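Just below is one structure, and these are the notes that go with it.
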Ligand code: ARG
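Numbering (the working numbering), first residue to last: 515 to 1099.
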């Protein structure tokens, strides 16, 4: 099934050809969801946009389009409104047929795309030997959700973890490892990350205070880069320790991601420099190799350089990203590359993309896009910190979400004669706690800063995960109480949509595919959250206006099917946000 919007767009495009010949139908945006139900369900402004070209009155154009439209099955006769808008109202019989089609369809009528695109989603990407922080948490949650939506749409997604596992800091870390933990090189598991972060700090102190230490750190970098076995072993050890800690977070969040860190691109860095040189973009500035950027100026108005090779021959974060772009395009055959980091890196990506484009590294068919997000703030509006003022560890943040949701669930799940097992409660606490953290993040417009508040994200009312999870349990419970095996209903069981609230709910259910198309295009998961929140509200209105269990005959069955379809839509939508559901709560 194609989305309703898509079908309307096609129908209007066909009508335009019939009415005015080829050449006027190449705008995609001429049909939209109506902004207000009084304009019908969908609306088109195409007649207005053609006024100048056709030199005719827009209402007249609108009428000609309507005369050439073939939509009898889908819509009532389209109406002309105001200066020349065309309003479309879907026919109940058409909606009934569509809802019917969803009945035994896990994908809820949403077909995968015909020609899957290869998409790289670069997300999470913490740094080795450093703590994974709340910025990485946002990247992980947003990246996972975007990847899930794209995957569901049928795209071929490569989820990449561009971990910071290379750079001069490893010289310092290896030197310190050898000095302070000589046994680490012969024994596995001698350190854990808690230590490793403290370890990083101690190494830094040694580095700053001792010239000799500094010197051997520099030698270590060279040794590591030239493949010295012992240095590589030490490096590997440090990376493994970090990796294990990162993995705990990914397991808790149920995230799939493939690690391909900065070090992976080492063999390709020299080629980047050579090719930049060949394109004539490379210039020497104070001993460093760089590309002067267009549109980036310092305060004196001089063009800023992007340094790709330092005076000492070392490469930068940007050089690695240039190599990564090329690798992803050439070897991974990516057609779209999506980078998810805080907005602080917007400048970095704009510069890297510009240089890659000017150097001809990005074919026209490939889209590279930075998906920025705002800061995570504490309830005081400042950087999120523990009460004692230290940076918050992700592990404890997620643990606290689960502890808090558990306290709440325990009180309610053991109320009266209700006795749920501790196993059930623990699982529910995890689903609600983690779901709350994810939903709080995803439901925001990602570009704004967001205030991290356990109380808000765990609230039972409002646009929160607990509210959505309860809505799911309730909706699903209603269809269960109907005691009808929906899977074995005869195929000719009719869907009956007569009441306004019923029609509104059905239309909303049928718009999931349009929302997913929008999320894929704009990379804004909050659109999906809004859709789901609206869905639960429209269900409530339906539930209030239309008796379900007390209805009779076919009407009762039809409403039970509508409730079941709502529940399945909620479940699917939440799963695309990376949020699990519970059957009871
Ligand atoms: N490791 C970086 C950081 O923690 C993020 C990497 C983002 N991805 C990229 N291809 N640069 O800030």
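From the three backbone atoms N, C-alpha and C, an ideal C-beta is built for every residue, glycine too. Keep in mind the model is a prediction, meaning the values are calculated, not measured.
Going by CA-CA distance only, name the one from 709, 1027, 807 that's closest to residue 873. 807
Straight-line gap, residue 636 to residue 852 (C-alpha atoms, nearest Å): 6 angstroms
So what does DSSP say about residue 707, is it helix, strand or coil? Any answer about residue 707 is weak, because its pLDDT of 49 lies below 50 and its placement is not dependable; what the coordinates show is given next. Residue state, collapsed to three classes: helix.
Inter-residue CB distance, residue 1105 and residue 854 (contact presumed, cutoff 8 angstroms): The question about residue 1105 has no answer here: the residues shown for the chain are numbered 515 through 1099.
Straight-line Cα distance separating residue 1011 from residue 1069: 9 angstroms
Say yes only if the C-beta of residue 636 is nearer than 6 angstroms to one or more non-hydrogen atoms of ligand 1, and no if none qualify. yes
Among 783, 768, 701, the one whose alpha carbon lies nearest that of residue 755: 701
Three-state secondary structure (DSSP) at residue 525? helix
Confirm the yes/no value for this check: CB of residue 919, any heavy atom of ligand 1, distance under 6 angstroms. no
Relative to ligand 1, is the shortest distance from any of its heavy atoms to the C-beta of residue 623 smaller than 6 angstroms? no
Provide the residue span of the beta strand (DSSP E) that contains residue 809, from first to last. 802-811
Quick one: measure Cβ to Cβ for residue 463 and residue 848, integer angstroms, because I've assumed they're closer than 8 angstroms. Lying before the first or after the last residue shown, residue 463 is absent from the chain, which here runs from 515 to 1099.
For ligand 1, is there any heavy atom lying closer than 6 angstroms to the beta carbon of residue 675? no
Distance check for residue 976 and residue 610, CA to CA, integer angstroms please. 31 angstroms
By a C-beta neighbour count over all protein chains shown, 10 Å radius and 16 as the cutoff for buried, is residue 629 buried or exposed? exposed
Alpha-carbon spacing of residue 968 relative to residue 919, whole angstroms: 9 angstroms
7 angstroms Cβ shell around residue 707 - same chain, five flanking residues per side excluded: Annotation note: pLDDT 49 at residue 707 (below 50); position unreliable, coordinate value reported separately. Cβ within range, chain order: 755, 756, 759.
For residue 641, is the beta carbon positioned less than 6 angstroms from some heavy atom of ligand 1? yes
Expected contact under 8 angstroms - CB spacing of residue 1023 and residue 1080 to nearest Å: 6 angstroms
Assigned exposure category for residue 1072 - 16 Cβ within 10 Å defines buried: buried
Assuming residue 673 contacts residue 772 (C-beta within less than 8 angstroms), just tell me the rounded distance between them. 6 angstroms
Which class does residue 849 belong to by DSSP, given the choice of helix, strand or coil? coil
Let's see if you can read the secondary structure: which residues bound the beta strand (DSSP E) around residue 556? 556-558
Quick one: measure Cβ to Cβ for residue 639 and residue 663, integer angstroms, because I've assumed they're closer than 8 angstroms. About 20 angstroms separates the two Cβ atoms, so there is no contact after all.
So, do the segment 1041-1059 and the segment 1081-1090 have three or more beta carbon pairs nearer to each other than 8 angstroms? yes
Are the CB atoms of residue 906 and residue 506 within a distance shorter than 7 angstroms? Outside the displayed range of the chain (515 to 1099) lies residue 506, so it cannot be described from this structure.
Leaving out the 5 sequence neighbours to the left and right, which residues in its chain are closer than 6 angstroms to residue 714 when beta-carbon positions are compared? 643
For residue 944, tell me which candidate among 864, 691, 575, 1095 has the shortest Cα-Cα distance. 1095
Which of helix, strand or coil does DSSP assign to residue 817? strand
For the pair the segment 686-696 and the segment 778-785, tell me if three or more CB-CB distances fall below 8 angstroms. no
Whole angstroms is fine: what's the gap from residue 787's alpha carbon to residue 835's? 12 angstroms
Tell me which residue opens and which closes the beta strand (DSSP E) that residue 798 is part of. 796-799
Among the residues of its own chain, which have a CB less than 7 angstroms from the CB of residue 1060, if the five just before and after it don't count? 1013, 1015, 1016, 1073
Alpha helix (DSSP H) containing residue 911: first to last residue? 908-927
Which residue spans inside the segment 965-1007 form an unbroken alpha helix (DSSP H) run of at least 4? 968-971, 979-995
Distance, residue 1046 Cα to residue 1088 Cα: 8 angstroms
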